[in-house]
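Protein chains in written order, with the UniProt record's numbering: chain X, 1 to 314; chain B, 1 to 352. The beta-carbon is built from N, C-alpha and C at its ideal position, and this holds for glycine as well.
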Amino acid sequence: MEKPGGGGVLSAKEAFEKLEKVGEGTYGKVYRAREKATGKIVALKKTRLHEDEEGVPPTTLREVSILRMLSRDPHVVRLMDVKQGQNKEGKTVLYLVFEYMDTDLKKFIRSFRQTGQTVPPQTIKSLMYQLCKGVAFCHGHGILHRDLKPHNLLMDPKTMMLKIADLGLARAFTVPIKKYTHEILTLWYRAPEVLLGATHYSMAVDIWSVGCIFAELVTKQALFPGDSELQQLLHIFRLLGTPNEDVWPGVSKLMNWHEYPQWNPQSLSTAVPSLDELGLDLLSQMLKYEPSKRISAKKAMEHAYFDDLDKRHL
Amino acid sequence: MAPSFDFASSLLCTEDSAVFDESHNNGGTMMSMMGVYEDTWSPRKRHFDEEPDELPLLSDESLAMMVEKECQHWPGLRCLNKLQTGDLDFGARMEAVDWILKVRSHFGYCSRSSLVIQNYLDRFLCAYELPKGRVWTMQLLAVACLSLAAKLDETEVPLSLDLQVGESKFLFEAKTIQRMELLVLSTLKWRMQAITPFTFLDYFLCKINDDQSPLRSSIMRSIQLISSTARGIDFLEFKPSEIAAAVAMYVMGETQTVDTGKATSFLIQHVEKERLLKCVKMIQELSCNSGSAKDSSASVTCLPQSPIGVLDALCFSYKSDDTNAGSSVNSSHNSPVAKRRKLNKTCGADLL
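See the structure below:
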């Protein structure tokens with residue numbers, strides 16, 4: 001790691017040639033860049049530290065420290081370095097240097113939607129297995145991602161490798177996780193217990209997101225595309241039935257609970273018609289209302305849906 | 001000085017406010033002790049609306065991974081040696097630790113936070129040489145470590161000005177703290193997911209209780225003991241898993257609910273038996289308030305037992321004045337308007 005003010009060490013600006021801006025991360029811009037010394041293509045996530053603000057942003061701190069803990073899992077994006085530099089106005093800037101991935105799952109699904117083709121079933125199976133494996137790895141290290149969505153799942157379209165990225169909202173759950181307010185989490189992949197104001201998260205919130213992504217890979221459309229928290233809940237209730245104390249003990253005591261229209265559960269096959277029986281079973285276990293009943297990522301990897309998948313290179 | 005754990009509770013700020021209430025009602029001593037602090041800062045405890053959900057326990061594999069990884073975050077014997085030989089300023093560290101405990105209490109952070117902060121502090125001190133003779137650098141380091149821990153784990157991060165509550169001689173600007181934060185982060189290689197005894201505690205308590213959830217009182221007692229190990233330096237020689245195992249064994253043994261031999265045979269699958277037993281013995285001494293005779297200049301494992309002891313501890317604040325002339329890091333020097341008169345001229349000598 002480069003020390004501040006170290007003489008003779010290339011600054012981040014000198015070490016890399018920015019090629020193009022490829023996005024906005026949780027905090028700051030992301031560039032495709034070439035490392036001049038090696039010619040290697042990397043992703044640079046730039047975070048400016050405003051001196052009138054409160055130092056290193058919490059999202060950057062969490063992302064880096066968590067990625068330090070999760071280093072070298074093939075299904076979590078690799079953080080290669082953290083460099084400190086200064087921009088033109090002399091302000092301190094941090095550059096997170098990541099391995100570069102050509103695309104993400106959101107773009108991947110969109111490309112199939114545009115051509116009218118379906119994603120090949122074995123491709124779906126492979127991507128889902130890798131996702132479960134990456135999530136199992138995070139959970140095994142006591143890390144919740146909390147913002148799993150297609151945009152945060154990077155892909156190499158040549159090898160069909162998938163990697164989990166953007167851990168700026170991730171949390172260690174080996175400490176009591178307190179209530180979070182004013183969280184800006186993508187609605188479509190948000191677990192019902194979060195929407196209903198549960199004050200404590202568990203690993204199950206990530207599994208719900210995985211289930212939503214699974215369905216989206218099959219249909220190329222979001223499973224629950226709500227545009228407000230209430231609409232998000234109603235989308236869920238229309239398909240899975242309005243929950244009650246029988247299917248989800250404790251649900252009526254959650255903070256945001258009130259009277260909702262009463263829907264009966266529909267079969268998942270109505271929402272994901274082309275998924276086979278084993279896939280539907282796995283999906284249903286990912287979308288259980290009661291968080292403790294939701295399948296774990298590790299158990300999901302063992303599900304029969306993946307039996308015929310060649311896992312040797314995954 | 002024998003510590004009072006009622007007093008420890010009020011300072012170490014156990015998560016359960018009911019415990020604090022009980023301590024508070026234990027008599028005039030506690031009332032008068034709390035009165036000591038009213039003029040300088042007001043502890044503000046957050047109250048949780050609901051019973052916390054049970055945490056997901058670490059799986060057996062996760063436990064093994066954490067034990068393997070904890071050495072990356074453990075200051076260890078190297079740090080202990082530096083403190084004992086005087087390479088590190090023991091007194092300044094003690095002062096920083098005391099300040100951390102007070103601020104943590106003020107903001108109502110859970111006990112784990114203070115261990116995380118101290119983990120950062122000790123790892124940094126082992127890896128980086130702060131300029132000698134400038135006591136403000138230790139204070140700045142403590143502020144930066146507190147700020148980083150708050151950002152990492154807490155949902156509400158106070159402004160850097162508000163972080164500097166309590167009786168501190170220096171008040172640092174946000175940009176100064178930022179620069180120290182970056183120095184700490186690069187020195188620790190951004191490995192900030194500190195593994196502390198709390199990482200392992202629930203797992204061990206549950207396992208030696210035949211996979212049943214332990215009593216809440218056992219959890220609170222364990223939290224109290226772990227927090228108490230942090231103030232002195234004696235426990236620095238033990239890894240977090242060893243401290244957690246020893247505390248779990250001691251607490252469950254104390255309640256007579258488990259077979260000690262059975263607990264030992266389980267725990268030594270994860271920690272070395274000799275070190276476990278040594279640590280249990282030290283926990284026992286800490287708990288019984290009867291530490292064996294120790295060189296008081298080398299370590300302090302007891303908390304002040306009386307208001308006079310508290311005031312003695314506060315005397316650290318007035319040991320020396322320092323100027324920041326020529327410093328490479330800017331700071332705002334904020335002297336107390338009315339300097340508190342020293343109660344005991346020898347308080348520093350007694351402890352250093």
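- Closest by C-alpha distance to Arg171(X), out of Phe16(X), Met203(X), Gly250(X), Gly241(X), is Met203(X).
- Between the alpha carbons of Leu171(B) and Met101(X) lies a gap of roughly 45 Å.
- Counted as a single uninterrupted DSSP element, the beta strand (DSSP E) harbouring Lys29(X) occupies residues 29-35.
- The criterion of a C-beta distance shorter than 8 Å is satisfied by Ala33(X) and Leu44(X).
- Around the beta carbon of Pro273(X), fewer than 16 other beta carbons lie within 10 angstroms, which makes this residue exposed.
- At least 8 Å separates the beta-carbon of Phe204(B) from that of Met66(B).
- Approximately 4 Å separates the beta-carbon atoms of Pro197(B) and Ala244(B); this is inside 8 Å, confirming the contact.
- Nearest in C-alpha terms to Asp104(X), of all of Pro58(X), Pro120(X), Asp156(X), is Asp156(X).
- Setting aside the 5 residues that flank it on each side, Val64(X) is surrounded in the same chain by Leu79, Val82, Leu96, each with a C-beta closer than 8 Å to its C-beta; the list follows chain order.
- Against chain B, the CB of Met69(X) has a partner CB under 8 Å away; the residue lies at that interface.
- Membership of Lys262(B) in the alpha helix (DSSP H) is indicated by the continuous run 260-267.
- Put simply, the CB of Ser65(X) is near chain B, with a gap under 8 Å to one of its CB atoms.
- Between His235(X) and chain B, the shortest Cβ-Cβ separation is not below 8 Å.
- Secondary structure at Asp153(B): helix, using DSSP grouped into helix, strand and coil.
- Of the candidates Lys239(B), Met282(B), Lys207(B), Lys207(B) places its Cα closest to the Cα of Met252(B).
- Judged by DSSP secondary structure, Val82(X) falls within the beta strand (DSSP E) whose first and last residues are 79-86.
- Measuring C-alpha to C-alpha distances from Tyr289(X) to each of Thr199(X), Trp248(X), Arg110(X) identifies Trp248(X) as the nearest.
- In this structure, Glu54(X) is the residue among Glu54(X), Tyr129(X), Ser126(X) with its C-alpha nearest to the C-alpha of Thr92(X).
- Taking 8 Å as the cut-off, the Cβ atoms of Leu162(X) and Gln130(X) count as close.
- Within the DSSP bridge table, the entry for Tyr95(X) names Lys46(X), Lys83(X) as partners.
- Within the DSSP secondary-structure output, Ala172(X) pairs in a beta bridge with Ile143(X).
- In this structure, Ala194(B) keeps its C-beta atom at 8 Å or more from the C-beta atom of His106(B).
- Taking all protein chains shown into account, Ile41(X) has fewer than 16 neighbouring C-beta atoms within 10 Å of its C-beta and is therefore exposed.
- Scanning chain X for C-beta atoms nearer than 7 Å to the C-beta of Trp190(B) yields Val64, Ser65, Arg68, Val82, reported in chain order.
- With 16 or more other Cβ atoms from the protein chains shown falling within 10 Å of its own Cβ, Gly28(X) counts as buried.
- Of all residues in the UniProt domain "Cyclin-like" (98-186) of chain B, the ones placed with a Cβ closer than 7 Å to any Cβ belonging to chain X are Cys110, Arg112, Ser147, Leu148, Lys151, Leu152, Asp153, Thr155, Val157, Leu159, Ser160, Ala174, Lys175, Ile177, Gln178, Glu181, Leu182, Leu183, Leu185, Ser186, in chain order.
- Around the beta-carbon of Thr176(B), 16 or more other beta-carbon atoms lie within 10 Å, marking it buried.
- Residue environment: Asn119(B) is assigned as buried (16 or more neighbouring CB atoms within 10 Å of its CB, all protein chains considered).
- Secondary structure note for Phe200(B): its alpha helix (DSSP H) is the uninterrupted segment 197-207.
- With a contact defined as Cβ atoms closer than 8 Å, Ser114(B) and Arg123(B) miss out at about 15 Å.
- Between Lys133(X) and Met286(X), the CB-CB gap reaches or exceeds 8 Å.
- For Glu61(B), the nearest beta carbon of chain X is closer than 8 Å to its own beta carbon.
- A buried status is given to Tyr305(X), since no fewer than 16 other beta-carbon atoms sit within 10 Å of its beta-carbon.
- A direct Cα-Cα distance of roughly 11 Å separates Lys278(B) from Phe235(B).
- Look at the beta carbons and you see the region 200-217 of chain X touching the region 143-151 of chain X: at least three pairs across the two are nearer than 8 Å.
- At a C-beta separation below 7 Å, Leu49(X) has these neighbours in chain B: Gln178.
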